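Trainee:
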Amino acid sequence: MSADSAAFRENRQSRAASPLRADLRRRYEMTSGSKLHRVLTCARSPGVHAVLVLRFGQWSQRRNKLLRILFDPIYAILNFFIQVLWGIEIPRRAKIGPGLYIGHYGGITVSSGAVIGRDCNLSQSITIGVSGAGSKRGAPTIGDNVYIAPGARLVGKITIGNNVKIGANAVIHKDLPDNAIAVMEPGFKIISYAGNRRIGDGDAIGE
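According to the working numbering, the stretch in the sequence shown is residues 49 to 255, in order.
(1) On a Cα-Cα basis, can you pick out the residue from Val96, Pro121, Asn112 and Cys168 that is closest to isoleucine 136?
(2) Looking at asparagine 193: is its Cβ nearer than 8 Å to the Cβ of arginine 166?
(3) Rounding to the nearest angstrom, what Cα-Cα distance links serine 179 and glutamate 77 in this structure?
(4) Give the secondary structure of alanine 230 by DSSP, where H, G and I count as helix, E and B as strand, and everything else as coil.
(5) At a cut of 8 Å, does the segment 231-242 reach the segment 216-223 through at least three beta carbon pairs?
(6) Could you compute how far the alpha carbon of isoleucine 156 sits from the alpha carbon of phenylalanine 104?
(7) Between isoleucine 206 and alanine 187, what straight-line distance do the alpha-carbon atoms span, to the nearest angstrom?
(8) Within 10 angstroms of its Cβ, does serine 160 collect 16 or more other Cβ (buried), or is it exposed?
(9) Scan the segment 122-163 and note each continuous beta strand (DSSP E) run of 3 residues or more that stays entirely inside, going in chain order.
(10) At a cut of 8 Å, does the segment 137-151 reach the segment 162-176 through at least three beta carbon pairs?
(11) Is it buried or exposed for serine 93, if we count other Cβ within 10 angstroms and need 16 for buried?
(12) Are the CB atoms of glycine 199 and serine 173 within a distance shorter than 8 Å?
(13) Let me confirm a value: leucine 115 is counted as buried when at least 16 other C-beta atoms fall within 10 Å, else exposed. Which label applies?
(14) Go ahead and pull the three-state DSSP assignment for isoleucine 174.
(15) Can you say whether isoleucine 238 is buried or exposed, counting buried as having 16 or more other CB atoms within 10 angstroms of its CB?
(16) Take alanine 228 and list the residues in its own chain whose beta-carbon comes closer than 6 Å to its own, dropping the five residues that flank it on each side.
(17) Residue range of the alpha helix (DSSP H) that leucine 202 falls in?
Structural data, given as structure tokens:
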């Protein structure tokens with residue numbers, strides 16, 4: 049095999065393995081309907097817009113200083129619009145593996161110090177943030193194939209294993225092993241039986 053052929057093959061493999069391609073492919077595969085419907089759904093998805101800007105920002109970081117003078121301001125503007133329009137804040141300094149899936153938009157905040165593995169799902173209203181002090185201060189490191197449900201909070205210098213599912217509104221501040229399913233328990237508590245009604249004469253809260 050010639051040197052040119054080897055270089056061409058290596059370049060093709062590099063493009064095929066790019067995180068953005070994996071992100072888009074996963075979003076496409078998780079969308080139902082005809083090919084046209086799936087393409088249009090992906091094109092108007094806030095999650096797709098967010099990963100496009102994220103991967104562009106990460107690509108820009110790897111350019112030389114001269115090119116970064118051109119591309120970094122473009123990234124900053126695009127990232128600003130993603131935050132304002134869709135409520136998705138994922139800094140390009142966060143280390144995120146290929147196959148990232150964002151199903152819904154709004155209230156998604158990821159620390160720049162976070163590490164997220166391959167094929168992970170981020171739902172709406174989640175936080176992956178920094179917590180702690182001194183040597184214990186840091187952001188979560190999340191493994192591959194992790195699902196984070198709406199409203200979940202992952203904070204601090206913790207490690208989340210592979211194939212983990214984190215339930216809605218759960219607050220995770222300790223390590224989770226591989227294959228764990230973590231939920232908020234009991235989920236709710238009844239504090240009154242007064243209901244959604246006006247309190248009239250003779251009524252009392254809890255009666």
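Think of the CB as a built atom: it goes at the ideal place given N, C-alpha and C, for glycine as much as any other residue.
None of these values were measured; they are calculated from a predicted model.
Mentor: Well, looking at it:
(1) Val96
(2) yes
(3) 35 Å
(4) strand
(5) yes
(6) 19 Å
(7) 7 Å
(8) exposed
(9) 156-158
(10) yes
(11) buried
(12) yes
(13) exposed
(14) coil
(15) exposed
(16) Val212
(17) From DSSP, leucine 202 is part of no alpha helix (DSSP H) but of the beta strand (DSSP E) over 201-203.
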